[in-house]
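Numbering (this note's numbering), first residue to last: -8 to 100. Every residue, glycine too, gets a C-beta built ideally from N, C-alpha and C. Reviewing the structure listed below.
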Amino acid sequence: MSLRMPRDLARLSRSGQFDGALSNFEAEALSESASSLGHQGRKVEKALAALAAAEGELREAALADAGEAVWAYFVQRELCGLRDHRLIIREMGIPEEVLTRLGATPKRG
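Pasting the structure below:
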């Protein structure tokens, strides 16, 4: 399958007005990234709430779900250029047992 530039972008490219169209595209892409980041953040909040409420045999499954949700959120943050997760860990109250599942080592001292 071959792809071709949409007619509007092709026309703007020939007329020298492509920069504005690219800016619109970039704005749309940033909007989608922000939306996806928000969605992943809500999934983390739900998973952490479920983990806090889980007891007994259900706790292990809730811990696995929380670990997966946090991992996906961290990946999405990194795709957005946000590589320092310390503030998010503190603000969301992500427990050390979840972070340990991601391979993080707890701070000592």
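In this structure the region 67 to 74 does not touch the region 33 to 50; the number of beta carbon pairs closer than 8 angstroms is below three.
Between the alpha carbons of alanine 52 and arginine 92 lies a distance of about 13 angstroms. Taking all protein chains shown into account, leucine 54 has 16 or more neighbouring C-beta atoms within 10 Å of its C-beta and is therefore buried.
Close CB contacts of aspartate 75 within its chain, under the 8 angstroms cut and outside five residues either way in sequence, are absent. Straight across, the Cα-Cα distance linking isoleucine 85 with arginine 77 is about 10 angstroms. For leucine 73, the three-state secondary structure derived from DSSP is coil.
A direct Cα-to-Cα measurement between glycine 72 and glutamate 48 gives close to 37 angstroms. Cβ-Cβ distances below 7 angstroms link serine 27 to Gln67 in the same chain, with the five nearest sequence neighbours on each side left out; the list follows chain order.
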